[in-house]
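Protein sequences appear in the order of chains A and S. Note that the working numbering has the first sequence beginning at 56, numbered continuously upward. Note that the working numbering has the second sequence beginning at 230, numbered continuously upward.
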Amino acid sequence: MAVIKNTTAIKSSPKHLLGIQNLSILQAKKILEEAKSFIKLNRSKSKKLDLLRGKTQINLFFEPSTRTQSSFDLAGKRLGADVMTMNMGNSALKKGETLIDTAMTLNAMHPDLIVIRHQDSGAPNLLSQKVNCPVINAGDGRREHPTQALLDALTIINRKNKIEGLKIAICGDILHSRVARSNIYLMNMLGAEVNVIAPKTLMPNSIEKLGVKAFTNMKKGLDGCDIVMMLRLQNERMQGSFLPSKREYYEYFGLTPEKLKYANKDALIMHPGPMNRGVEIDTKLADDINVSLVKEQVELGVAVRMACLKMYCK
Amino acid sequence: MKEKIFINAKIIDPSQNIDEKGCLIIDNNGKVKAIGKDIKKNDVSPSVEIIDLKNNLLIPGIVDMKAFVGEPGFEYKENFRTLSQAALAGGVTSIVTMPNTNPIIDNVSMVDFIIRRGRDKASVNLFPCAALTKQMEGKLMTEFGLLSDKGIIGFSDVKKTVQNTETMARIMNYASDLGVLIMQHTEDFELSKNGCINEGEISNRLGLEGISQVAEKIIIERDLTLLSEYPCRYHINKISSKKSLEVIEKNKKNGKKFSVGVSINNLSLNENDIGDFKTFLKLSPPLRLEDDRVALVEGIKNGLIDVIVSDHTPEDEESKRLPFAQAATGAIGIETLLPLALEMYHNNSLPLNKIIETLTINPSKILKINKGTLKPGSDADICVLDLEAPWVVKADSLKSKSKNTAIENRKLQGKILMTFLNGELVFNQ
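1) If we cut at 8 Å on Cβ distances, does G436/S have a partner in chain A?
2) Quick one, which of A635/S, L641/S, M365/S and E617/S has its alpha-carbon nearest N285/S's?
3) Which of the three DSSP states is assigned to N61/A in this structure?
4) Report the three-state DSSP secondary structure of S338/S (helix, strand or coil).
5) Excluding the 5 residues flanking E89/A on each side, which residues of the same chain have their C-beta closer than 7 Å to its C-beta?
6) Hey, quick one: how far does the beta strand (DSSP E) through M173/A stretch, first residue to last?
7) Starting from E478/S and walking both ways along the alpha helix (DSSP H), at which residues does that stretch end?
8) Output the residue ranges of the alpha helix (DSSP H) runs that lie fully inside the region 427 to 476 of chain S and measure 4 residues or longer, sorted by chain position.
9) Is K268/A near the ligand GTP, with its Cβ less than 7 Å from a heavy atom?
10) Which residues of chain S have a Cβ atom closer than 7 Å to the Cβ of I262/A, listed in chain order?
11) Taking all protein chains shown into account, decide if D267/S is buried (16 or more other Cβ within 10 angstroms of its Cβ) or exposed.
12) Using a Cβ-Cβ distance under 8 Å, would P259/A count as near chain S?
13) Cα separation between F487/S and I240/S?
14) Would you identify the three-state DSSP class for E416/S, choosing helix, strand or coil?
15) Using a 10 Å radius around the Cβ and a threshold of 16 neighbouring Cβ atoms, would you call D540/S buried or exposed?
16) Just checking: is the beta-carbon of D505/S within a distance shorter than 8 Å of some beta-carbon in chain A?
17) Just list the alpha helix (DSSP H) runs in the region 287 to 343 of chain S, keeping only unbroken ones of 4 residues or longer that don't cross its boundaries, in chain order.
18) Please list, in chain order, the chain A residues whose beta carbon lies closer than 8 Å to that of N374/S.
19) With a 10 Å radius around its C-beta and 16 neighbouring C-beta atoms as the bar for buried, classify P289/S as buried or exposed.
20) Classify D505/S: buried if its beta carbon has 16 or more other beta carbons within 10 angstroms, exposed otherwise.
21) Please return the same chain residues whose Cβ sits closer than 8 Å to the Cβ of M397/S, not counting the five positions on each side in sequence.
22) Quick one: what's got a C-beta closer than 7 Å to L481/S's C-beta in the same chain, skipping five residues either side?
23) Could you check how far apart the C-beta atoms of S631/S and E544/S are, in whole angstroms? I think they sit under 8 Å.
24) Using DSSP bridges, identify the partner residues of H541/S.
25) Using a Cβ-Cβ cut-off of 6 Å (strictly less than) and excluding sequence neighbours within five positions of K70/A, which residues of its own chain qualify?
26) Please list, in chain order, all residues of the same chain as Q352/A whose beta carbon is under 8 Å from its beta carbon, the five residues on each side excluded.
27) Residues in the region 540 to 557 of chain S with C-beta within 9 Å of chain A's C-beta atoms, listed in sequence order?
28) If we cut at 8 Å on Cβ distances, does D175/A have a partner in chain S?
29) Where do the ends of the alpha helix (DSSP H) carrying G652/S lie?
30) Kindly provide the ranges of any alpha helix (DSSP H) runs that are 4 or more residues long and lie completely inside the region 87 to 143 of chain A, ordered along the chain.
31) With 8 Å set as the bound, which would you pick, yes or no: does the beta-carbon of G429/S sit closer than that to a beta-carbon of chain A?
32) Counting only beta-carbon atoms, is G227/A nearer than 8 Å to chain S?
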């Protein structure tokens with residue numbers, strides 16, 4: 056079994072990973088540095104370490120998730136932790152148990168780390184106040200999804216060798232997207248310039264205050280961009296009629312080879328998944344290994360989560 | 230009751246334009262007998278009880294136009310006894326209570342219950358409101374006439390707004406004939422759906438759905454348009470933004486008659502205070518930008534806003550210890566209403582007279598009650614305070630049954646020393 060000694064942990068690192076907003080640039084860089092070492096490991100034959108042997112990791116998912124949940128699951132197991140995944144969608148909550156009660160119950164089982172996804176913004180913050188172990192946010196409401204932003208950053212660094220000085224466009228449903236928010240904070244922090252592109256109804260009020268330029272036109276928004284991040288058009292969150300039709304959305308905001316030409320020649324495409332092919336992205340483009348980083352994002356997601364687990368698990 | 234005389238008092242009573250050092254005499258029926266600088270200690274017989282206020286401030290008891298008392302149905306959040314204690318400790322002697330109890334106060338028999346219960350258990354003047362619409366569903370108006378005859382002071386759906394314009398038009402039309410007071414919460418629910426805080430940078434950062442200022446403004450505009458057709462006694466419970474003030478200014482300048490309230494929370498806090506999901510600051514209307522707060526203070530100064538209310542909303546811990554979006558809305562505040570309002574005097578935002586006016590005679594005029602004044606012959610409801618005394622707000626030492634204060638650990642200046650109700654000492658610090 057391969058062993059990497061834990062020599063790089065930051066002494067003064069915060070206890071919880073609740074969002075990029077609470078992260079310093081040093082901590083972010085440390086996580087990315089750490090994650091690089093796990094990329095190789097994950098590609099090798101023997102993938103298992105015993106860094107977290109004897110530790111208990113609980114994945115608490117109040118919202119359905121495929122890739123984030125399996126990614127955290129795998130990351131924990133590869134580090135040797137005992138991983139328990141709880142899908143809370145249909146258990147405690149329906150019995151009327153509050154988040155705090157659930158937290159107290161789990162806390163009594165002495166976990167060493169809790170990974171939480173919740174439909175309410177701020178739920179991980181609340182949980183972190185009530186348990187004795189570190190809490191990692193795996194997505195809360197429309198607020199933050201820090202590990203997604205970190206894996207996106209790692210993917211970009213892996214291809215472009217840097218983030219500083221790049222121009223990154225985030226396109227789609229910015230209003231409802233925690234991925235967009237975390238990426239805005241992280242990419243800004245790491246020195247990139249960020250454009251957000253969305254129809255008016257999916258663009259949050261005063262988004263410029265987060266340090267981005269806002270566009271409602273793909274041609275203008277993609278101009279000079281090195282990275283194009285597409286967001287899922289989140290149907291399940293559309294409670295009102297934000298858009299006339301998917302067809303119209305695709306016409307103006309769907310990423311096609313023609314629209315991609317507005318960006319730099321060597322621009323690369325990213326998508327946090329799951330994709331709506333033909334709604335926000337052309338299906339061939341999504342699979343084009345020359346420009347699409349989608350598969351790499353998933354792969355590096357495991358490495359980033361391993362790095363986070365290692366650094367936050369005390 | 231024995232006659233009393235307060236000597237060495239700094240008296241402020243905006244209803245009579247009194248702002249002077251002097252004395253106040255209470256007769257043996259608990260009414261004000263005489264007030265002012267011309268009254269001397271020698272004017273009364275030696276047997277009268279003398280209370281030396283040592284230059285502390287004497288003002289009419291505060292009239293709070295919006296507070297929630299948990300009875301019936303929410304006794305675990307607040308009851309008449311605890312509300313009274315909290316009120317008197319804050320110098321509040323008259324309270325307008327909200328009808329969003331369980332069951333809702335929307336019929337005559339409930340009014341009988343609430344008045345009897347209040348008489349037995351409360352030790353302040355209570356002025357109950359009834360629901361504006363049956364079950365506060367915004368569809369059918371309640372019995373304005375019969376309910377008023379039973380002692381209802383005004384009609385409000387509290388946190389709800391009549392969304393249907395036709396219904397609202399009929400309510401105002403009917404009310405204009407009876408002369409009853411309509412107290413509207415102004416919020417367009419389609420625009421504010423799922424919203425928890427002000428829409429803007431903070432709602433973006435916290436990932437919470439926002440409530441736009443337009444949601445408030447549009448209902449104010451609608452109602453004030455209707456008011457031209459159906460001139461009833463119309464009061465806006467609480468406004469929160471600069472945009473609303475612009476509409477109010479335009480209409481008041483055109484001579485339209487209506488009144489406007491504001492919550493003390495919106496005058497003393499802004500959206501930044503929410504910090505890391507502090508649910509005690511989840512309020513309705515939401516806290517907005519500092520610009521809005523400043524505009525509201527200015528609105529009081531120039532008379533666009535008539536009253537300041539505590540918007541006292543007791544919530545138990547379980548209703549607040551939830552993710553922000555699920556947490557209950559509101560904060561307690563009746564006990565801290567006056568001291569917190571005095572902050573605007575201490576930081577030179579408002580003259581002291583103006584603050585006291587909005588807390589005493591203005592609400593009384595809107596409600597058409599004989600309170601908030603110390604004119605000879607009126608009930609001797611009095612608040613005595615040390616204007617300068619510093620103290621720190623601690624939830625645990627507040628008298629409300631619920632402890633959801635929005636201003637925990639706030640340093641305030643101005644402490645209530647004594648409260649008198651009908652000439653009787655009911656709170657002594």
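The beta-carbon is built from N, C-alpha and C at its ideal position, and this holds for glycine as well.
Taking the geometry as given:
1) Answer yes: the Cβ-Cβ gap between G436/S and chain A drops below 8 Å somewhere.
2) Answer by Cα proximity: E617/S.
3) Only weak support exists for where N61/A lies, its pLDDT of 44 falling under 50; the value from the coordinates is given anyway. N61/A falls in the coil class under three-state DSSP.
4) It is helical.
5) Excluding residues within five positions, the ones whose Cβ falls inside 7 Å are T63, A362, K365 and M366.
6) Correcting the residue identity first, residue 173/A is His in this sequence and not Met. Here the beta strand (DSSP E) through H173/A covers L168 to H173.
7) Segment K471 to K482, the alpha helix (DSSP H) holding E478/S.
8) You should have 430 to 435 and 442 to 458.
9) Although the ligand GTP was asked about, the structure shown includes no ligands whatsoever.
10) Ordered by position in chain S, the residues that pass the 7 Å Cβ test against I262/A are N433.
11) Counting the other CB atoms within 10 Å of its CB gives D267/S a total below 16, which places it among the exposed residues.
12) Closer than 8 Å to some Cβ of chain S, the Cβ of P259/A qualifies, so yes.
13) Straight-line Cα distance between these residues: approximately 30 Å.
14) Of the three classes helix, strand and coil, the one that applies to E416/S here is coil, per DSSP.
15) Taking all protein chains in view, the Cβ of D540/S is crowded by 16 or more other Cβ atoms within 10 Å, so the residue is classified as buried.
16) It does: the Cβ of D505/S has a partner Cβ on chain A nearer than 8 Å.
17) Within the region 287 to 343 of chain S, the runs of alpha helix (DSSP H) that reach at least 4 residues and sit entirely inside it are, in chain order, 309 to 318.
18) Checking the sequence shown, residue 374/S turns out to be Gly, not Asn. G374/S does not reach chain A, its nearest Cβ partner there being about 40 Å away, counting only Cβ pairs nearer than 8 Å.
19) Under the 10 Å beta carbon count, P289/S is surrounded by 16 or more other beta carbons and is classified as buried.
20) Result: exposed.
21) In its chain, beyond the 5 residues on either side, V391, R451, D452 and L455 have a beta carbon closer than 8 Å to the beta carbon of M397/S.
22) It should be pointed out that residue 481/S corresponds to Lys in this sequence rather than to Leu. Hits under 7 Å: L533.
23) The distance from the Cβ of S631/S to that of E544/S is about 6 Å, consistent with a contact at the 8 Å cut-off.
24) Within the DSSP bridge table, the entry for H541/S names A296/S and A560/S as partners.
25) Excluding its 5 nearest sequence neighbours in each direction, K70/A has C-beta neighbours in its own chain below 6 Å: P189, listed in chain order.
26) In the same chain as Q352/A, and ignoring 5 residues on each side of it, the C-beta atoms closer than 8 Å to its own belong to L206, D207, T210, M325, H326, P327 and G328, in chain order.
27) Across the region 540 to 557 of chain S, CB contacts with chain A closer than 9 Å involve E547, R550, L551, P552, F553, A554 and Q555, in sequence order along the chain.
28) The C-beta of D175/A comes closer than 8 Å to at least one C-beta of chain S.
29) From DSSP, G652/S is part of no alpha helix (DSSP H); its letter is neither H nor E.
30) Qualifying alpha helix (DSSP H) stretches, in chain order: 122 to 133.
31) It does; some Cβ of chain A falls within 8 Å.
32) No, no contact with chain S.
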